[in-house]
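This report concerns only the one structure given below.
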Amino acid sequence: MSGIFQMILLAILQGITEIFPVSSSGHLVIMKQILGFKEQGIIMETSLHSGTLLAILVYFRKDIVRILSSLFTFRGTERNLALYIIVGSIPAGLIGVLFESKIESCFSSAEFVASMLLLNGVFLVAVNFLKEKDLPVNPLRAFLVGVFQAIAILPGISRSGSTVGGGIICGLKRENAFAFSFLLSIPAVLGALFLEYRKQNFKPSTNEIIGVAVAFIFGLMSLALFSKVVKGKRLYIFGIYSFLVGFLVRFFV
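Counting the sequence shown from 1 gives a position; my numbering is that position plus 207.
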């Protein structure tokens, strides 16, 4: 399979699965191992994450502008939200630093990913039927959602599914859990990208630029659709999908 075609296919996969609660890292591991894709390295995966991060920044641009401007105008609500995002980012940061090597070893096992996809599916189905509340984000709830984000470092556990579900468990309204989930992802992804680009002395190739663009387009479309799914209480759809993929890979591949 040609390099450009492989990059486009992986970028489409990244754009969809990074946003939808089905684990992009898990699907990338499965596609590489099961479909025989060549290992492209950390630069390729970093490039694809850049595309979906850009999609998140564009989709939530109004919220981001309000949060940033609140740091200078001292608007209470948005300034508090900035603080909650920082608090929620702590667990994933600590886990990533303390257990980096152990976590990386999990990415080499399709069997491990399949087991986590099964768990991810059960979680999404269970969360879908919880009674909705409308509690505000506060430091404790932000930290707890951050713990769910830290768990999602494991391949096969969806970051968006874990944090949206965690927000619902903590009593956030579904649409607020959706927004906080993706706003919370920005510092974590930015930090990871900065470290990787710095470590690898990144110089983008044509294929990688195309991959970023494709991941951005599909990420933006996926955000719009996933927002409707969350508000419509249809998370169970992704739960069933995640469970089926995990089951097939775990027992038949």
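The beta-carbon is built from N, C-alpha and C at its ideal position, and this holds for glycine as well. Every value quoted in this text rests on a predicted model; they were computed, and no experiment measured them.
**Request:** Within 10 angstroms of the Cβ of P298, are there 16 or more other Cβ atoms? Answer buried if so, exposed if not.
**Result:** buried
**Message:** Can you give me the C-alpha to C-alpha distance between I364 and L455, rounded to a whole angstrom?
**Reply:** 16 Å
**Asked** Is L325 near G453, with beta carbons less than 8 Å apart?
**Response** yes
**Message:** Just to confirm the assignment, what range does the alpha helix (DSSP H) spanning P346 have?
**Reply:** 346-358
**Prompt:** For the stretch 283-303 against the stretch 344-354, are there 3 or more C-beta pairs whose distance is under 8 Å?
**Reply:** yes
**Message:** Do A289 and S276 have their beta-carbon atoms positioned less than 8 Å apart in this structure?
**Reply:** no
**Asked** Can the beta-carbon of A333 be found closer than 8 Å to that of R457?
**Response** no
**Asked** In terms of alpha-carbon separation, which member of L391, L337, E382, R273 lies closest to K462?
**Response** The question about residue 462 has no answer here: the residues shown for the chain are numbered 208 through 460.
**Message:** Within 10 Å of its beta-carbon, does G258 have 16 or more other beta-carbons around it, so buried, or fewer, so exposed?
**Reply:** buried
**Item:** Segment limits, alpha helix (DSSP H) that includes E415
**Value:** 413-438
**Request:** Name the two residues that bound the continuous alpha helix (DSSP H) containing E225.
**Result:** From DSSP, E225 is part of no alpha helix (DSSP H); its letter is neither H nor E.
**Request:** Report yes or no: do three or more beta-carbon pairs, one from the stretch 438-447 and one from the stretch 263-273, lie closer than 8 Å?
**Result:** no
**Prompt:** In angstroms, rounded to a whole number, what distance separates the CA positions of I416 and A431?
**Reply:** 23 Å
**Item:** Cβ pair L379, V344 closer than 8 Å
**Value:** yes
**Asked** Count the other CB atoms within 10 Å of the CB of R405; is the residue buried (16 or more) or exposed (fewer)?
**Response** exposed
**Item:** Segment limits, alpha helix (DSSP H) that includes I364
**Value:** I364 -> no alpha helix (DSSP H), and no H or E assigned at all.
**Message:** According to DSSP, simplified to helix, strand and coil, what is D270?
**Reply:** helix
**Request:** For I211, count neighbouring C-beta atoms within 10 Å of its own C-beta (all shown protein chains included) and say buried if the count is 16 or more, exposed if not.
**Result:** exposed
**Request:** Report the residue from I226, T253, Q356, L264 whose alpha carbon sits nearest the alpha carbon of I302.
**Result:** Q356
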